[in-house]
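>
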DNA sequence: AGATAATTCAAACATTTGTTTGACACGTCA
DNA sequence: TGACGTGTCAAACAAATGTTTGAATTATCT
């Protein structure tokens, strides 16, 4: 029972949104350079001139995809605040686990995370936006955790290095997946790998930080 | 005073080698896809048809660059065997330090390492060769170290995960450099950063492995 | 209903890039 | 010296790709 619904406005948003969704997917799979406008339009069921009409050019579409992705994420996760107070060790486990979920995600919405991860290693004009809007908030959150774990006497540099030590272990499984598949095919199997991996990285990292706790250096 | 030197053989090798060196450099900078044959030839001081003449096509040149790189490395480092027996902790420090040297290398020969690192995240038809000839030997070496550090009761899986935890911390600084530069410009400064980083990663990793030592899991 | 705006479309265009071509120059050998 | 092989070159070619064009279609508004 739709009354007073601007049907055409929906139709308009339809093509544009289909382009954004298709572009997100293809860009995440292939990266910016290897993605053709023709493939995006094919996947979106749109004509090739639609990209120019709605976005201007390929690069602007790419930038718009990140903005769209950010809106979608804010819809899904309105607030990044933790709901329950947890000990920092547990918080780290949650952080690692959720980051790995994103890395190993294979669903319809997986392109959001995958595209960010790809932009990290194949930087384009969008990187500044991605760092400001997606990476820095995550990084700040992690650094807060790490600072808590290290205790009050840790230098900014130490907090930074430890944070990098944590996040690098996680993103490695996305960035170097083709290598890992060749070195150890069994590493990329089964869903249980994610839980084991999260446990390993968390334990390794918590222990790894011990030498630097409470003003030790 | 050159006597009996096949001057033309040298000239012949000259163009071919110049192409290989130039290609190595450009491929390392831009990756396979973003590199044009025209730029390689320009840097090598060769005509554009030279690539087809000497190598057949762009992809074969790319593969040949890795073979050439491997030969060069074998010339420089005939054996990967350690010269002096060291405690495993020290060996790990040496491993991390030398890997970081490669990552932060800026000299004429730096393209060798940089190209391998790039191939890890932007895989091409060369990846199988690179894994077999460059990455797996390094990985096996590191796993030997890690197994020694963990003691005799560690599972293969644990050795693997710990090895990944070490190497991921190192390669992160190459693969995600553009992000790091935006997050923390001071992180990428000064030569002393490399030493500090090597110390940090070594300490973090040695401590990180402690929970898994001597059959702990 | 007609005027205007928005959207879509197929074809064309412009540029880039890897590859090829055939002539020419140079080197080697009998 | 001439025949043959090797290497270089400028120009041309072929294909891919992003972008543009102008007509047609659809939607909106008075």
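Residue numbers (this note's numbering), protein chains in the order written: chain A, 1 to 217; chain B, 1001 to 1217.
In this text, a Cβ means the ideal position worked out from N, Cα and C, and glycines have one as well.
This one's a predicted model, so the numbers in the text were calculated from it and none came from an experiment.
Closer than 7 Å, Cβ to Cβ, to anything on chain A: give me those residues from the stretch 1088–1106 of chain B, in chain order.
none
> In or out: residue 1202 of chain B buried (at least 16 other Cβ within 10 Å) or exposed?
By one-based count along the second chain, residue 1202 of chain B stands at place 202. Buried.
> Hey, does residue 1200 of chain B have any beta-carbon neighbour from chain A nearer than 8 Å?
Walking along the second chain from the start, residue 1200 of chain B turns up at place 200. So yes, residue 1200 of chain B belongs to the interface.
> Listing by chain order, which chain B residues have their CB less than 9 Å from the CB of residue 211 of chain A?
Here the question's residue 211 of chain A lines up with position 211 in the first chain. 1203, 1204, 1206 and 1207, listed in chain order.
> Show which residues of chain A have a CB atom less than 8 Å away from the CB atom of residue 1172 of chain B.
Taking the first residue of the second chain as 1, we reach residue 1172 of chain B at position 172. Against chain A, the beta carbon of residue 1172 of chain B has neighbours under 8 Å at 164, 167, 168, 171 and 172, listed in chain order.
> Since residue 179 of chain A and residue 117 of chain A are thought to touch, with beta carbons under 8 Å apart, how far apart are those beta carbons, to the nearest angstrom?
For the purposes of this step, residue 179 of chain A is taken as residue 179 along the first chain, with counting starting at 1. For the purposes of this step, residue 117 of chain A is taken as residue 117 along the first chain, with counting starting at 1. About 15 Å separates the beta carbon of residue 179 of chain A from that of residue 117 of chain A, a gap too long to meet the 8 Å contact definition.
> Could you compute how far the alpha carbon of residue 1034 of chain B sits from the alpha carbon of residue 1162 of chain B?
Sequence index remark: in the second chain, residue 1034 of chain B carries index 34 (1-based). Sequence index remark: in the second chain, residue 1162 of chain B carries index 162 (1-based). Taking the straight line joining both Cα atoms gives about 34 Å.
> Contact between the stretch 137–144 of chain A and the stretch 66–74 of chain A: three or more CB pairs below 8 Å?
no
> CA-CA distance, residue 1211 of chain B and residue 145 of chain A?
One-based indexing of the second chain puts residue 1211 of chain B at position 211. One-based indexing of the first chain puts residue 145 of chain A at position 145. Computed Cα separation, rounded: 21 Å.
> Using a Cβ-Cβ cut-off of less than 7 Å, list which residues of the stretch 108–120 of chain A approach chain B; keep chain order.
120
> Looking only at C-alpha atoms, which of B/1097, B/1019 and B/1194 sits nearest to residue 1065 of chain B?
By 1-based counting over the second chain, the position of residue 1065 of chain B is 65. For the residues B/1097, B/1019 and B/1194, the minimum Cα distance to residue 1065 of chain B belongs to B/1019.
> Could you please give the first and the last residue of the uninterrupted alpha helix (DSSP H) stretch that includes residue 1086 of chain B?
The sequence position of residue 1086 of chain B within the second chain is 86, counting from 1. Residue 1086 of chain B -> no alpha helix (DSSP H), and no H or E assigned at all.
> So what does DSSP say about residue 1047 of chain B, is it helix, strand or coil?
Numbered from its first residue, the second chain carries residue 1047 of chain B at position 47. In the structure shown, the three-state DSSP call for residue 1047 of chain B is coil.
> Counting contacts by CB-CB distance shorter than 8 Å, is residue 1127 of chain B in contact with chain A?
By 1-based counting over the second chain, the position of residue 1127 of chain B is 127. So yes, residue 1127 of chain B belongs to the interface.
> Can you tell me whether residue 1152 of chain B is buried or exposed, with buried defined as 16 or more other CB within 10 angstroms of its CB?
To locate residue 1152 of chain B, count along the second chain from 1; it is residue 152. Residue 1152 of chain B comes out exposed.
> Taking contact to mean at least 3 C-beta pairs separated by less than 8 Å, is the stretch 50–57 of chain A in contact with the stretch 13–32 of chain A?
yes
> Which two residues bound the contiguous alpha helix (DSSP H) that contains residue 1212 of chain B?
Residue 1212 of chain B sits at position 212 when you count from the first residue of the second chain. Careful: residue 1212 of chain B lies outside any alpha helix (DSSP H) and carries neither H nor E.
> Identify the continuous alpha helix (DSSP H) that holds residue 1157 of chain B and give its terminal residues.
On the second chain, residue 1157 of chain B is found 157 positions in, with the first residue counted as 1. Counting along the chain, the alpha helix (DSSP H) containing residue 1157 of chain B begins and ends at 1156–1175.
> What residue range does the alpha helix (DSSP H) around residue 1121 of chain B cover?
By 1-based counting over the second chain, the position of residue 1121 of chain B is 121. For residue 1121 of chain B, the enclosing alpha helix (DSSP H) covers residues 1110–1121.
> Determine, using beta carbons only, whether residue 1183 of chain B comes closer than 8 Å to chain A.
Here residue 1183 of chain B refers to the residue found at position 183 when the second chain is read from its first residue. Nearest CB-CB separation between residue 1183 of chain B and chain A: below the 8 Å threshold.
> Where do the ends of the alpha helix (DSSP H) carrying residue 1058 of chain B lie?
The sequence position of residue 1058 of chain B within the second chain is 58, counting from 1. Segment 1058–1076, the alpha helix (DSSP H) holding residue 1058 of chain B.
> In whole angstroms, give me the CA-to-CA distance for residue 120 of chain A and residue 1175 of chain B.
Here residue 120 of chain A refers to the residue found at position 120 of the first chain. Here residue 1175 of chain B refers to the residue found at position 175 of the second chain. A straight-line Cα-Cα distance of about 8 Å links residue 120 of chain A and residue 1175 of chain B.
> Which class does residue 202 of chain A belong to by DSSP, given the choice of helix, strand or coil?
The residue given as residue 202 of chain A occupies position 202 in the first chain. Helix.
> Taking Cβ-Cβ distances shorter than 9 Å, what residues in chain A pair up with residue 1047 of chain B?
Within the second chain, numbered from 1, the residue matching residue 1047 of chain B stands at position 47. Near residue 1047 of chain B there are no residues of chain A at all, since even the closest Cβ is about 27 Å away, more than 9 Å.
> When the Cα atoms are used, what is the spatial distance from residue 200 of chain A to residue 1030 of chain B?
As a position in the first chain, residue 200 of chain A is number 200, starting the count at 1. As a position in the second chain, residue 1030 of chain B is number 30, starting the count at 1. Roughly 35 Å between the two C-alpha positions.
> Does chain A have any CB closer than 8 Å to the CB of residue 1135 of chain B?
Here residue 1135 of chain B is taken as the residue at index 135 of the second chain, counted from 1. When Cβ-Cβ separations below 8 Å define contact, residue 1135 of chain B makes contact with chain A.
> From residue 109 of chain A to residue 101 of chain A, what does the alpha carbon distance come to, in whole angstroms?
The residue labelled residue 109 of chain A in the question sits at position 109 within the first chain. The residue labelled residue 101 of chain A in the question sits at position 101 within the first chain. One C-alpha to the other measures close to 12 Å.
> Is residue 34 of chain A close to chain B? Criterion is C-beta to C-beta, closer than 8 Å.
As a position in the first chain, residue 34 of chain A is number 34, starting the count at 1. Yes, contact with chain B.
> Kindly indicate if chain B contains any beta-carbon less than 8 Å away from that of residue 160 of chain A.
Counted from its first residue, the first chain places residue 160 of chain A at position 160. Chain B places a beta carbon closer than 8 Å to that of residue 160 of chain A, counting this residue as a contact.
> Mind checking the stretch 13–40 of chain A against chain B and listing, in chain order, the residues whose C-beta falls within less than 7 Å of any C-beta there?
33 and 34
> What does a CB cutoff of less than 8 Å around residue 10 of chain A pick up in its chain, not counting 5 residues either side in sequence?
As a first step, residue 10 of chain A must be located in the first chain, where it is residue number 10. Per-residue confidence for residue 10 of chain A stands at a pLDDT of 49, beneath the threshold of 50, marking its modelled position as unreliable; the derived number appears in the next sentence. Result list for residue 10 of chain A: empty, nothing under 8 Å.
> So which residues of chain A does residue 1178 of chain B contact, with C-beta pairs closer than 7 Å?
Here residue 1178 of chain B refers to the residue found at position 178 of the second chain. Going along chain A in sequence order, the residues near residue 1178 of chain B (Cβ under 7 Å) are 123 and 127.
> For a test of the three-state rule: what should DSSP assign to residue 28 of chain A, helix, strand or coil?
For this step, residue 28 of chain A is matched to residue 28 along the first chain. Residue 28 of chain A: helix per DSSP, three-state reduction.
> Output, in sequence order along the chain, the residues in the stretch 1136–1155 of chain B whose CB is closer than 9 Å to any CB in chain A.
1136 and 1139
> Give the range of the alpha helix (DSSP H) segment to which residue 1143 of chain B is assigned.
Position 143 of the second chain, counted from the start, is the residue given in the question as residue 1143 of chain B. Counting along the chain, the unbroken alpha helix (DSSP H) around residue 1143 of chain B starts and ends at 1136–1150.
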